[in-house]
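Count along the sequence shown from 1, add 85, and you get the number used in the working numbering.
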Amino acid sequence: MPPALPSGIDTLEGVPVPLEDFMKLTRIPIIIYYGDFIPETQSEFPGPDHWRTRLQMARLWADAVNNKGGDVTVVHLPEIGIKGNTHIFLSQT
Numbered sequence: 086m087p088p089a090l091p092s093g094i095d096t097l098e099g100v101p102v103p104l105e106d107f108m109k110l111t112r113i114p115i116i117i118y119y120g121d122f123i124p125e126t127q128s129e130f131p132g133p134d135h136w137r138t139r140l141q142m143a144r145l146w147a148d149a150v151n152n153k154g155g156d157v158t159v160v161h162l163p164e165i166g167i168k169g170n171t172h173i174f175l176s177q178t
């Protein structure tokens, strides 16, 4: 289990599941997108800090699944050069 990650709103904790259920995640490709305006370090502002911990936990979770043979990719849009309105890519679905 990853360590608990405190944020300005709450503390994000992993939830243990049986290994058999966890292994089901290794059978499908998974991609998770995060938009911009997520701070890299702890923020005094609760909302952005909340997303900081979610992005951190997503990366830890992806590593855990990938270490068991899965195919999880976490994409933080600013890291690949896509900046601007955080929600616009979701409106295209």
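Using N, Cα and C, we set each Cβ at its ideal position, and we do this for glycine too.
(1) Determine which residues share a DSSP beta bridge with aspartate 121 and list them.
(2) Answer with buried or exposed for leucine 104, where buried requires no fewer than 16 other C-beta atoms within 10 angstroms of its C-beta.
(3) Are glycine 93 and histidine 161 close, meaning C-beta to C-beta below 8 Å?
(4) Quick check: the Cα distance between glutamate 125 and tryptophan 146, rounded to an integer number of angstroms?
(5) Should arginine 112 be labelled buried (16 or more other beta-carbon atoms within 10 Å of its own) or exposed?
(6) Out of Ile116, Ile115 and Pro131, which one is the CA nearest neighbour of phenylalanine 122?
(7) Return helix, strand or coil for proline 133, following the three-state DSSP convention.
(8) Based on DSSP bridge pairs, tell me the residues matched to isoleucine 115.
(9) What residue range does the alpha helix (DSSP H) around methionine 108 cover?
Taking the definition as stated:
(1) On the sequence shown, residue 121 is found 36 positions in, with the first residue counted as 1. Looking at the DSSP assignment, aspartate 121 forms no beta bridge with any residue, so it has no partner.
(2) Counting from 1 along the sequence shown, the entry for residue 104 is found at position 19. So leucine 104 ends up on the exposed side.
(3) Along the sequence shown, one-based indexing puts residue 93 at 8. Along the sequence shown, one-based indexing puts residue 161 at 76. Not closer than 8 Å, so no.
(4) Working through the sequence shown from its first residue, we reach residue 125 at position 40. Working through the sequence shown from its first residue, we reach residue 146 at position 61. Whole-angstrom Cα-Cα distance: 18 Å.
(5) Here residue 112 refers to the residue found at position 27 when the sequence shown is read from its first residue. Looking at its Cβ environment, which holds fewer than 16 other Cβ atoms inside 10 Å, arginine 112 is exposed.
(6) The residue you call residue 122 lines up with position 37 of the sequence shown. Here the closest residue by C-alpha is Pro131.
(7) Along the sequence shown, one-based indexing puts residue 133 at 48. Proline 133: helix per DSSP, three-state reduction.
(8) The residue labelled residue 115 in the question sits at position 30 within the sequence shown. In DSSP, isoleucine 115 forms a bridge with Val157.
(9) Position 23 of the sequence shown, counting from 1, holds the residue named residue 108. Unbroken alpha helix (DSSP H) run through methionine 108: 104–109.
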